[in-house]
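Numbering (the working numbering), first residue to last: 62 to 284.
In this text, a Cβ means the ideal position worked out from N, Cα and C, and glycines have one as well.
Beneath this line is the structure, given in structure tokens, with notes to follow.
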């Protein structure tokens, strides 16, 4: 893969984004796969850290088929929740799963070009999306998240990375060979977010057998 080749193209996809399941044909199995990997528990932990309140304006970037977006609405029915993703097939599936829910909607959007006004959200959620992005797209996405959050608003992010080592198991050893994950290791994610203007802290870090080390971050736009 050359420096300027999108990860999606390197994996044999024709898109300029990585489909939710890696390939369009795998999308029907995506929810079963993520459930088997224990992603629901990760989403639950992230939402507990977010402490959403009634009336909060919540945005998820890279929502895929909407599992975290729907969970956010379930845990706080009084919040206004929007899920965004560049994959129209994933969004169509998310919309079917969310049919009839008030205060929850989806928009097709890239993380580096969010179609929302400045300061429009209290919380932004991101789960397992960052490590798919090329470095320049990561920086642009962090800047966009900073822009759409109100002063004092927070980004709640979970991804593979942090203090990931070979001692974390077989999945971790595989992830250590992934060049996109490499940028998430150590202080990579906090450094990225601080460069965008955030105050950032690591909230938790755990090893999940089939996923490897998962690290949670809270980044606040200064008031």
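Three-state secondary structure (DSSP) of residue i
{"i": "residue 229", "result": "helix"}
{"i": "residue 104", "result": "helix"}
{"i": "residue 274", "result": "strand"}
{"i": "residue 137", "result": "coil"}
{"i": "residue 126", "result": "coil"}
{"i": "residue 249", "result": "helix"}
{"i": "residue 264", "result": "strand"}
{"i": "residue 162", "result": "coil"}
is_contact[residue i, chain C] using C-beta, thresh 9 Å
{"i": "residue 95", "result": "Considering every chain present, this structure includes no chain C. It has just one protein chain."}
Proximity of residue i and residue j at Cβ, strictly below 9 Å
{"i": "residue 192", "j": "residue 241", "result": "yes"}
{"i": "residue 117", "j": "residue 132", "result": "no"}
{"i": "residue 249", "j": "residue 202", "result": "no"}
{"i": "residue 216", "j": "residue 185", "result": "yes"}
{"i": "residue 230", "j": "residue 246", "result": "no"}
{"i": "residue 161", "j": "residue 152", "result": "no"}
{"i": "residue 283", "j": "residue 178", "result": "no"}
{"i": "residue 110", "j": "residue 277", "result": "yes"}
{"i": "residue 175", "j": "residue 208", "result": "yes"}
{"i": "residue 257", "j": "residue 200", "result": "yes"}
{"i": "residue 129", "j": "residue 108", "result": "yes"}
{"i": "residue 142", "j": "residue 156", "result": "no"}
Where the alpha helix (DSSP H) containing residue i begins and where it ends
{"i": "residue 241", "result": "240-243"}
{"i": "residue 207", "result": "196-209"}
{"i": "residue 152", "result": "149-158"}
CA-to-CA distance, residue j to residue i, given in whole angstroms
{"i": "residue 104", "j": "residue 95", "result": "11 Å"}
{"i": "residue 93", "j": "residue 163", "result": "26 Å"}
{"i": "residue 214", "j": "residue 275", "result": "23 Å"}
{"i": "residue 206", "j": "residue 228", "result": "33 Å"}
{"i": "residue 113", "j": "residue 181", "result": "15 Å"}
{"i": "residue 204", "j": "residue 253", "result": "10 Å"}
{"i": "residue 154", "j": "residue 210", "result": "27 Å"}
{"i": "residue 280", "j": "residue 146", "result": "21 Å"}
{"i": "residue 268", "j": "residue 167", "result": "31 Å"}
Span of the beta strand (DSSP E) around residue i
{"i": "residue 114", "result": "Counting along the chain, residue 114 falls outside any beta strand (DSSP E), and DSSP gives it neither H nor E."}
{"i": "residue 284", "result": "Unbroken run through residue 284: none, as it is neither H nor E."}
According to DSSP, residues forming a beta bridge with residue i
{"i": "residue 217", "result": "186 and 279"}
{"i": "residue 174", "result": "171"}
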